[in-house]
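Undergrad: Just so you know, the working numbering puts the end of the sequence shown at 122, numbered straight through with nothing missing. Ideal Cβ positions, reconstructed from N, Cα and C, are used throughout, including at glycine. Note that the structure is a prediction, hence the values are computed from the model and not measured.
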Amino acid sequence: LVISGRYCLTSSDVSDEIQTARNLWATERNIARTLTSMQRSSSNGSFIREKTLLRGMKRYGIDNQQKVWDCLPFHVRTFYIHAYQSLIWNKVATARAEFGETSGDGRNVMVGDLFMSPKI
3 LVISGRYCLT
13 SSDVSDEIQT
23 ARNLWATERN
33 IARTLTSMQR
43 SSSNGSFIRE
53 KTLLRGMKRY
63 GIDNQQKVWD
73 CLPFHVRTFY
83 IHAYQSLIWN
93 KVATARAEFG
103 ETSGDGRNVM
113 VGDLFMSPKI
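Here it is as structure tokens:
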């Protein structure tokens, strides 16, 4: 949960206005200034997740991460959880494929693999 919240406030694949506000947060950790910066440049409805997290930090404190996370709507929280699950799955699957390549063509069955035996 914490990793997802940090990513929401630090990812770099966004517009310049959003990146400016995120840089302000990263350097100063000042909730009020960051929220003010976001409100000036967000007339089109952007920053919704970020503003929600920052308002939660303002209300519950930066250290009460569970309460802050709970400020996000359920569907947004589950989105981040599913994305993190996918990240873990992809890392494990990649490691398994790379390990299999060292012992041949990567198609060798190893202890712990799940597979379907061919019908006889």
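Straight-line CA distance for Asp72 to Gly114?
TA: 36 Å
Undergrad: Between Arg35 and the rest of its own chain, which residues show a CB-CB distance below 7 Å, the 5 nearest in sequence each way excluded?
TA: Leu26
Undergrad: Can you tell me the Cβ-Cβ gap for Ile39 and Ala23, rounded? I've got them flagged as a contact below 8 Å.
TA: It is worth fixing the name first, because residue 39 is Ser in this sequence and not Ile. Yes, they are in contact, since the Cβ atoms of Ser39 and Ala23 sit about 5 Å apart, within 8 Å.
Undergrad: For Phe49, count the other beta carbons within 10 Å of its own beta carbon; 16 or more makes it buried, fewer makes it exposed. Which is it?
TA: buried
Undergrad: What whole-angstrom Cβ distance do Arg51 and Leu74 have, given they're in contact under 8 Å?
TA: 7 Å
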